[in-house]
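So the sequence shown is numbered by the UniProt record's numbering: it starts at 1 and just counts up by one. Every residue, glycine too, gets a C-beta built ideally from N, C-alpha and C. A short write-up of the structure that comes next.
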Amino acid sequence: MADDDQEQPLTPATKPHLPPLTVDEALSIELRKQQKGFRNRTVCCGIITAVILIISVVMLVLGFTVLHVKNPKINMNSVLIIGLDRVNATELLIGNANLTVVADVSVKNTNVAAFRFEKSNSSLLYHDTVVGVADIPGGVAKARRTMRLNVTFEVMVAEITGNQWFRSDMTAGILPVESYTEIEGRVKILNIIKRKVTVTMNCSIAVGVASQQIVNQDCKKHVSI
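Given below as C-alpha cells:
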C-alpha cells in the first residue's frame, strides 16, 4: 500500500501528431511569405521615393526663392565737394587748389546670407583722365541690410586744369566728371550655394562752376555673377 501511495512522475504531454504538409500547401505558404516580403519592400521603396521627391521639391522651391542668389544693389546717394567754396577761379586755373570729393555709396544686400566684399578702389575721371583714386575697405553687408560707405577722393586739380577741355568747360560753367567703382565679393548660403559677385557702377556728374554744386548726376550699374 505504501508503494501505491507514492506519487508517480507525470508523463510529459505528448504533442498532437500533425499530418505532414503536402507539396501544394508548402508552396502556398512559401508564396504567401514572398508576397508579404514583396509588399513590405514595395511599401519601403514607396516611402523612400516619396521622401526623396518631397525633399527635391522643397529644395527646388528654396532654390528659386530663399536660396536664390540675388544681385546686391549699389547706389551713389550723394557727392560732396570739400574745398570748392574756398577756391577762386585763379587758383583753379593755375592748379593751385586742394579739393576733396566724398561720395556716399550704399551697398544693399537682398540675400538671406551676408555679402562679403573685398578691398577695392574707385576712380574719379575728367574727360577720361584719372584725377583721383579712393580706397574702399573690405567689409560685410549683412543679410537683407544696407551698408553705407564714404568714398573719399583727393582730387589732383593740376590734372584737371592741364586738360585741353578745362577752359571750354569753365566757359560753359559746367565741370563734367565721372566715377567708376567696382566691388567684388561672395555670397555663401548655408555652405551649400557659393557665388562670386562683381558689382560695378559708372556715374556721370556735372558740377556747376558758379553754384559749386552738383547740377546733374546719372549712374549706371551692372552686376555679374
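Answer with yes or no whether the minimum CB distance from V223 to chain B is below 8 Å. The displayed structure is made up of one protein chain only, and chain B is not part of it.
Proximity winner among T198, V215, T49, I81, relative to E154 (alpha-carbon distances): E154 has its Cα closest to that of I81, out of T198, V215, T49, I81.
Same chain only: Cβ atoms within 7 Å of A103, ignoring 5 sequence neighbours per side: Spatial neighbours of A103 in its own chain (CB-CB distance under 7 Å, excluding positions within 5 residues in sequence) are listed in chain order as M76, V79, V151, S179.
Closest by CA to R101, which one among K142, A134, S120, I225? First, the amino acid is wrong: residue 101 is Val here, not Arg. The candidate whose alpha carbon is nearest that of V101 is A134.
In its own chain, which residues sit with a C-beta less than 6 Å from the C-beta of A206, not counting the 5 before and 5 after it? Hits under 6 Å: I174, P176, V215, N216.
For the beta strand (DSSP E) that A141 lies in, which residues bound it at each end? From DSSP, the beta strand (DSSP E) with A141 extends over 139 to 141.
Excluding the 5 residues preceding and the 5 following K73 in the sequence, name in chain order all residues of the same chain whose CB lies nearer than 6 Å to its CB. Residues K108 of the same chain have their beta carbon placed closer than 6 Å to that of K73, with the five preceding and five following residues left out of the count.
Helix, strand or coil for T49 per DSSP? It is helical.
Local conformation of D169 per DSSP, three classes: Residue state for D169 is assigned as helix, using DSSP reduced to three classes.
Thinking just about the alpha-carbon of each residue, which of V187, T181, K194, S211 is nearest to the one in K221? The candidate whose alpha carbon is nearest that of K221 is T181.
Please report how far the alpha carbon of V209 lies from the alpha carbon of F166, in whole angstroms. Answer to the nearest angstrom: the Cα atoms are 11 Å apart.
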